[in-house]
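Colleague: Mind looking over this structure? Questions follow.
Numbering (my numbering), first residue to last: 2 to 169.
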């Protein structure tokens, strides 16, 4: 389909709750293709990034698209069913912040998510560590919550400093 423009922090659209996808009425293949094409383009341009949520490209629909490390997951109408009590801290950023800075955020070590795939099949999956953090970030987008809402003690660094200190 096409790369879409990324909605930036400050746009009120990012604070709105996304609507559930209706497989009978919504152009699901178009939404997924636009998310895929936009993510791939951003990965090339920015040199990082693993996922994107539909509101980030202007679609107020409950869709997350992830592609990283040879794995692709499309979550439609995802809901977090459970969260581990164990938490961990991770430096996080966002395409909607133009990956210009990172903030230290606290996330649950593991989550269980129910979602539908592109064909509408119901899936329940467990995610831990980096994928747990990633999907918490993306599902937050569907509820109008941003990573900046999770920053601990105002700990923020610019991308250049994050690259120097943490990127492998």
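Note that the Cβ used here is the ideal one computed from N, Cα and C, for glycine as well.
(1) Considering only their Cβ atoms, is the gap separating residue 5 from residue 35 smaller than 7 Å?
(2) Using only CA atoms, which one of 69, 145, 94, 109 lies nearest to residue 45?
(3) Can we say the segment 69-88 touches the segment 160-167, given the rule of at least three CB pairs closer than 8 Å?
(4) Please go through the segment 76-163 and give each complete alpha helix (DSSP H) segment of 4 or more residues, from N-terminal end onward.
(5) Can you tell me where the beta strand (DSSP E) with residue 68 in it begins and where it stops?
(6) Mind checking residue 167: buried by the 16 CB within 10 Å criterion, or exposed?
(7) Give the secondary structure of residue 55 by DSSP, where H, G and I count as helix, E and B as strand, and everything else as coil.
(8) Considering Cα atoms alone, identify which of 56, 60, 37 is closest to residue 50.
(9) Distance, Cα to Cα, residue 89 vs residue 40?
(10) Please tell me whether residue 83 and residue 110 are closer than 7 Å, where the distance is taken between their beta carbons.
(11) How far does the alpha helix (DSSP H) with residue 37 in it extend, from its first residue to its last?
Modeller: A quick look at the data gives this:
(1) Closer than 7 Å, so yes.
(2) Answer by Cα proximity: 69.
(3) Because the criterion of three Cβ pairs below 8 Å is not met, the segment 69-88 and the segment 160-167 do not touch.
(4) For the segment 76-163, whole alpha helix (DSSP H) runs of length 4 or above, ordered along the chain, are 130-143.
(5) Counting along the chain, the unbroken beta strand (DSSP E) around residue 68 starts and ends at 64-69.
(6) Counting the other CB atoms within 10 Å of its CB gives residue 167 a total below 16, which places it among the exposed residues.
(7) Assigned with DSSP and collapsed to three states, residue 55 falls in helix.
(8) Looking only at 56, 60, 37, the smallest Cα-Cα distance to residue 50 is reached by 37.
(9) Near 26 Å, if we compare the C-alpha coordinates of residue 40 and residue 89.
(10) No; because the gap between Cβ atoms is not below 7 Å, this pair is not in contact.
(11) Unbroken alpha helix (DSSP H) run through residue 37: 29-47.
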